[in-house]
Amino acid sequence: MSMTASGSHKKNNIQNYYKFSLIGLVLIICLVFVVTSSAFFSQAINKATNTLSSTTNNILSSTTQLVSNTIGKAMKQDTNGKINVLLVGYGGDGHAGGYLADSIIVASFDPKEYSVAMISIPRDLIVNQSGSINKINSVMAYSYNRSKDITIATQTLINKITDITGLEIPYYALIDFDGFSSLVNKIGGIDVNVPQSIIDRTYPGPNYSYITFSIKSGLQHLDGATALKYARSRHSSSDFSRSQRQQLIIKAITEKLVQDGLSINNLQSIYETYQEYVTTNISLDEMLGLLAYGKTIPPMFSFGYTYECNNSAWKTMQAACMLYPVVQEQFNGMSGMLPIGASIGKISFYDNTKRFADFVSNNQGLFKENFTFSLYNAIDSSYAKKFPYRNNIASNLAIKMKRYGLSVNDVINAEQPSSGTIIMISGSGEYQETLKSLSEFLTIDTVKFNEATVDMSGNALPNHIDIYLGNTFIEEFGNQRFTTYLTNAQQSNQ
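As numbered in our numbering, the sequence shown has no gaps in its residue numbers, which increase by one up to the final residue, 499.
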């Protein structure tokens, strides 16, 4: 559905719009219609299958597929088969700086894995905009002020986000957060387990005033207004922890939509909210086409480019650590951040941000299999002396893995050396996606399986991999300085 900017956004006294996360093609853009309608179909089919014959069950079970095939339209995929959407939150007409993009998220939907990877781009990222140095949140506003066309302005932003991420992005959705509050209220509020209490005494109020917003930790039931404040509060924590809060809210919305068992009337009401508050170039036929991929909420993997990490310590490394804060004096007092490797003379250096986006978009099977990792340095100490870059080599690999979203628990010296690198998998499957992804970080010599699924007490064991780094590992990496970034050359391993 495509709607014009005027008339698609309701206004209030909130001064600015803040970063808001996305579930990809099945949330806000499509959640309010696609997932809810999928859930409705699923519920109707499940009720019917309790009483009808197996033949009739098979007919009913194909209902969603038939709707998708006969009415739906396939969405455009990139060269790797992913469907990418840009989500933008902004103020719109009637607000100072109304076309500043205060929320910028790329969602990459993997139809094969039936999952969504999300990448948030901080609004303070400094970019080169038509020869001028500005922040990424001003790109759309600059274009709109010149063209007075929201479609042109959005495409200008998409072009810049494509430069940063390297992802082909054919779709967009522009969000008015009045619609978010309305949606939460229409589903009867949401339950959120708040991990940390918040007291924000400078939350934007009416007429450029401030009010105090507070919320206690623990399970809380939030109405639309409170959920929006919880998502937008910015003075009580970092920009990046806000993204985590917003993801909690979004998951709560999706869970509420599915668990309540939506009626046709509720579905219609939610879709009307969607029509009123979302501007997108995704057609209704394309939304219906998504029903072919599944009838449940897909797994969601959320990331956000950040500089809040320690590049030299594996324990404090964070996923998507691809930025650094600039020296303000070099930018005429402007605060902001740049990608690692960029500088005031080379602002548009995006090799690392592109490589990260490529990895999380195209390795969603890795995140679905959900392994934790322990690294064992099994390199023979005498043999290691032959190599100039032998120190901290296992810790550096842990930094690299965590930077790209893998969960590393330990870095340990092995009791016995090993000539080759051994992967010991605890689990009952083959886990080909995880092995494929690991090959981007190191060469694997041997794969072994520990098929135990429970511990001695009968408790289920989590998926876990022990990596024993043998002599072949230092032969591969010990002759040059170890880089904790994936390179373009390694991309061919996918």
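Heads up, the beta-carbon is just placed ideally off N, CA and C, and yes, glycines get one too.
Item: Proximity to aspartate 115 [Cα-Cα], best of Ile88, Asp129 and Leu172; Value: Ile88
Item: Buried versus exposed call for methionine 123 [16 or more other C-beta atoms within 10 Å across all chains shown]; Value: buried
Item: Environment of lysine 407 [buried if 16+ CB atoms lie within 10 Å]; Value: buried
Item: Simplified DSSP assignment, three categories, for methionine 145; Value: helix
Item: Terminal residues of the alpha helix (DSSP H) in which methionine 292 lies; Value: 289 to 294
Item: Cβ-based neighbour list, phenylalanine 308, same chain, cut-off 8 Å, excluding 5 preceding and 5 following; Value: Ala122, Met123, Ile124, Ser125, Ala324, Ala325, Phe361, Val365 and Gly410
Item: Selected residue, minimal CA-CA separation from asparagine 401, among Ala318, Asp460 and Lys441; Value: Ala318
Item: Beta-carbon contacts of glutamine 225 that lie in its chain and below 6 Å, excluding the five residues immediately before and after; Value: Val197 and Val199
Item: Rounded C-alpha distance that separates methionine 305 from valine 189; Value: 20 Å
Item: In DSSP terms, what valine 413 is bridged to; Value: Phe378
Item: Nearest-angstrom Cα separation, counted from glutamine 251 out to methionine 429; Value: 36 Å
Item: Proline 200 in three-state terms, based on DSSP; Value: coil
Item: Segment limits, beta strand (DSSP E) that includes asparagine 89; Value: 88 to 94
Item: 7 Å Cβ cutoff met for serine 222 and serine 238; Value: no
Item: Backbone secondary structure at tyrosine 208 - three-state DSSP; Value: strand
Item: Segment limits, alpha helix (DSSP H) that includes valine 365; Value: 356 to 367
Item: Where lysine 221 sits in the DSSP three-state scheme; Value: coil
Item: Candidates Leu130, Asp205, Ile180 and Ser120, of which the one nearest aspartate 168 by Cα; Value: Leu130
Item: The region 277 to 290 in contact with the region 366 to 374 per 3-pair CB rule at 8 Å; Value: no
Item: Unbroken beta strand (DSSP E) run spanning tyrosine 388, endpoints; Value: Segment 386 to 389 is the alpha helix (DSSP H) holding tyrosine 388; no beta strand (DSSP E) there.
Item: The region 388 to 395 contacting the region 460 to 472, beta-carbon criterion three pairs below 8 Å; Value: no
Item: Arginine 128, buried or exposed, once every other Cβ within 10 Å from all chains shown has been counted against 16; Value: buried
Item: Cβ distance (whole Å) where isoleucine 345 is taken to contact tyrosine 329 below 8 Å; Value: 6 Å
Item: Delimiting residues of the alpha helix (DSSP H) encompassing aspartate 168; Value: 155 to 170
Item: Inter-stretch contact (C-beta, 8 Å, three-pair minimum) for the region 443 to 456 and the region 413 to 429; Value: yes
Item: Which of helix, strand or coil DSSP assigns to isoleucine 352; Value: coil
Item: Proximity below 7 Å, CB of asparagine 382 to CB of alanine 399; Value: yes
Item: Cβ contact (3+ pairs, closer than 8 Å) linking the region 79 to 88 and the region 330 to 341; Value: no
Item: Chain D contact for phenylalanine 306 (CB, 7 Å cutoff); Value: The chain labelled as chain D is not found in the depicted structure, where only one protein chain is given.
Item: Alpha helix (DSSP H) segment containing leucine 440, residue limits; Value: 437 to 443
Item: Residue(s) in a DSSP beta bridge with glutamine 134; Value: Ser137
Item: Short Cβ contact (7 Å threshold) for serine 424 with asparagine 476; Value: yes
Item: Beta bridge counterpart(s) of glycine 309 as assigned by DSSP; Value: Ser125
Item: Which of helix, strand or coil DSSP assigns to lysine 78; Value: coil
Item: Buried versus exposed call for tyrosine 215 [16 or more other C-beta atoms within 10 Å across all chains shown]; Value: exposed
Item: For threonine 321, the three-state DSSP class (helix, strand or coil); Value: helix
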